[in-house]
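Residue numbers (the UniProt record's numbering): 1 to 524. Quick notes on the structure that follows.
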């Protein structure tokens, strides 16, 4: 029995023949029937994505690799072999924002998924069992790929060059005025009491300004609410900045707080936002989390990104945030933290069993049963001839099989250990053969041979055979047979033959046969 807590990366099995699904457990919920369902985040393999998007992903990876190679002074990465490149593709995943609910009983084991580390050798992913990586986010609805924003920005492109430390007694020749701006002088001539009195006056001016403002009087109908809004940091920062700009002259600073047009009104984002905008923000935060770009794009496009971020950190100081946090904590406490799943030991329907010297699939899976002639066929992946257990793989007409090791590799990584023509350059949901000829493995050699599909015989009538010799000046049968999608003008053939009053005598059989117009009409 294995334990699977929330936030684990796990294998899910939705088909006995297809590879496992790779998911991350977000929630564990108990249904009314007593079963446990897992709300999971979906990850996609390369085989699940269209070829055009795979080309974009490979282009993005090559460009990123070229940039990193330029930044490295002594590149030490060794060139990967074709086998390593092939297996590395099986380790690449694509994150999505899609959620789905699956029965917890379909969990088949744990795995590890990490954001691609640019500073780590890619071979490290091949050395670790059940380890995958991702760097792009896939949108299954829009069919798009985007770079994941959660990358670690390391290197000279993102970090400042730290200058050498000054020697003892060495002067700093930089112009400090260009590097920083003084906003407050702690050694100003005013006493702490005078500064506090000035801040009280600034709060009073803010309260009076809200009483004169119509929109503020609607949002804060009581004097208590207006005074609380006037005491926020935005008012105090403006007062201290005004005092600093006027060289700490109280009379001059007071005249600026109350100009000729009326008292100055200072508002922050918490006060600027309406109740409906605040509700939309909370809804967006519940859906996207702290992804402020998506919040702005889908919910609040008229707000700037700076405004949304500033409002978020002010919203976290409110009582509403504290209440929501308590409710979420109580809800999380009542949810399942982990689930116990017994070891899955049921036989796979694709498992090949031996019956009276003949091979057949368990439960009759696959209409193309394995017979004695196919008993010596090699593994489609590693070409081994010996295995403790065999599994049917691919379409039934291919009659391919995998050994135990390659079958587990196929289920976990969604591909074969070695490249195969049956698998194709980019794997899809199942190995797909060509339309007419399918690759088969020779019973005594790993070399591939070709086998046609089931043959059929067309038994033509005597009248049909005789019709082949008519109207040769209008239709060429051999050429028409090589062009099956080009229609034949049967009307012209019929009109041409009916215009001839004589009959044709054709010696195609031991006895002579006559084809008249009546028989011709029956054919066409």
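We put the beta carbon where it would ideally sit given N, CA and C, even for glycine.
Next on the checklist: Comparing C-alpha positions only, which one of 137, 346, 111 sits nearest to residue 125?
Outcome noted: Of the residues 137, 346, 111, the one whose Cα lies closest to the Cα of residue 125 is 111.
Checklist entry - What separation, rounded to the nearest whole angstrom, lies between the Cα atoms of residue 239 and residue 255? => result Whole-angstrom Cα-Cα distance: 12 Å.
Next on the checklist: Taking DSSP's pairing of strands, which residues face residue 533 in a bridge?
Outcome noted: No statement about residue 533 is possible, as the shown extent of the chain runs from 1 to 524 and does not include it.
Item to check | residue 338 - partner residues in DSSP beta bridges | outcome: 5
Checklist entry - Would a C-beta distance cut-off of 7 Å place residue 265 and residue 209 closer than the cut-off? => result Cβ distance < 7 Å, so residue 265 and residue 209 count as in contact.
Item to check | Under the three-state DSSP convention, the category residue 109 falls into | outcome: strand
Checklist entry - Closest to residue 343 by CA distance: which of 104, 129, 494 is it? => result 104
Item to check | Straight-line Cα distance separating residue 320 from residue 300 | outcome: 20 Å
Next on the checklist: Rounding to the nearest angstrom, what Cα-Cα distance links residue 267 and residue 220 in this structure?
Outcome noted: 13 Å
Checklist entry - For residue 398, does the count of other Cβ atoms within 10 angstroms reach 16, so buried, or fall short, so exposed? => result It is buried - the Cβ of residue 398 has at least 16 other Cβ atoms within 10 Å.
Checklist entry - Where does residue 20 sit, in a helix, a strand or coil, going by DSSP? => result Here DSSP, grouped into helix, strand and coil, assigns residue 20 to coil.
Checklist entry - Who are the Cβ neighbours of residue 381 in its own chain at under 8 Å, not counting the five residues just before and after it? => result For residue 381, where only same-chain residues beyond five positions count, the Cβ hits under 8 Å are 402, 403, 406, 409, 410, 416, 417, 418, 420.
Next on the checklist: Please classify residue 229 as buried or exposed, where buried requires at least 16 neighbouring CB atoms within 10 angstroms.
Outcome noted: Burial call: buried.
Checklist entry - Would you report the Cα separation of residue 39 and residue 7, rounded to the nearest angstrom? => result 10 Å
Checklist entry - Are residue 184 and residue 224 closer than 7 Å when you measure CB to CB? => result Not in contact: residue 184 and residue 224 (Cβ atoms no closer than 7 Å).
Item to check | Beta carbon of residue 207 nearer than 7 Å to that of residue 226 | outcome: yes
Checklist entry - If we ignore side chains and look at the alpha-carbon of each, how far apart do residue 118 and residue 144 end up? => result 23 Å
Item to check | Cβ neighbour criterion (16 or more within 10 Å) applied to residue 438 | outcome: With a pLDDT of 38 at residue 438, under the threshold of 50, the predicted position of this residue should be treated as unreliable, though the coordinate-derived value follows. Residue 438 is buried by the Cβ-count criterion.
Item to check | CA-to-CA distance, residue 47 to residue 433, given in whole angstroms | outcome: With a pLDDT of only 36 at residue 433, under 50, the local geometry of the prediction cannot be trusted, and no value is derived from it.
Checklist entry - Among residues of its own chain, excluding the 5 on either side of residue 191, which ones have a beta-carbon nearer than 7 Å to its beta-carbon? => result Closer than 7 Å at the Cβ level, and outside the excluded window around residue 191, lies no residue.
Checklist entry - Which residue spans inside the segment 90-136 form an unbroken beta strand (DSSP E) run of at least 3? => result 92-103, 107-115
Checklist entry - Hey, out of 44, 84, 286, 193, whose CA is closest to residue 140's CA? => result 44
Checklist entry - So, is residue 5 buried or exposed, given that buried needs 16 or more other C-beta atoms within 10 angstroms? => result exposed
Item to check | N-terminal and C-terminal residue of the beta strand (DSSP E) that residue 36 is part of | outcome: 36-45
Next on the checklist: Looking at the secondary structure, which residues open and close the alpha helix (DSSP H) in which residue 296 lies?
Outcome noted: Counting along the chain, residue 296 sits inside the alpha helix (DSSP H) bounded by residues 292-298.
Checklist entry - Is it a yes or a no for the segment 12-30 touching the segment 331-340, going by three-plus beta-carbon pairs under 8 Å? => result yes
Next on the checklist: With DSSP as the reference, identify every bridge partner of residue 400, one or two as the case may be.
Outcome noted: 393
Checklist entry - Taking residue 234 as the reference, which of 213, 100, 270 has the closest Cα? => result 270
Checklist entry - Using the rule of at least 16 other Cβ atoms within 10 Å of the residue's Cβ for burial, across every protein chain shown, is residue 303 buried or exposed? => result buried
Item to check | Contact set for residue 307: own chain, Cβ-Cβ below 6 Å, skip 5 residues either direction | outcome: 269
Checklist entry - Would DSSP call residue 488 helix, strand or coil? => result coil
Item to check | Spatial distance of residue 387 from residue 80 (CA atoms) | outcome: Computed Cα separation, rounded: 29 Å.
Next on the checklist: Looking at the strands, I want to know which residues DSSP matches up with residue 138.
Outcome noted: 145
Checklist entry - Between residue 493 and the ligand GDP, is the CB less than 6 Å from at least one heavy atom? => result Among the components modelled here there is no ligand, and therefore nothing to report on the ligand GDP.
Checklist entry - Is it buried or exposed for residue 82, if we count other Cβ within 10 angstroms and need 16 for buried? => result Residue 82 counts as exposed, since fewer than 16 other beta carbons sit within 10 angstroms of its beta carbon.
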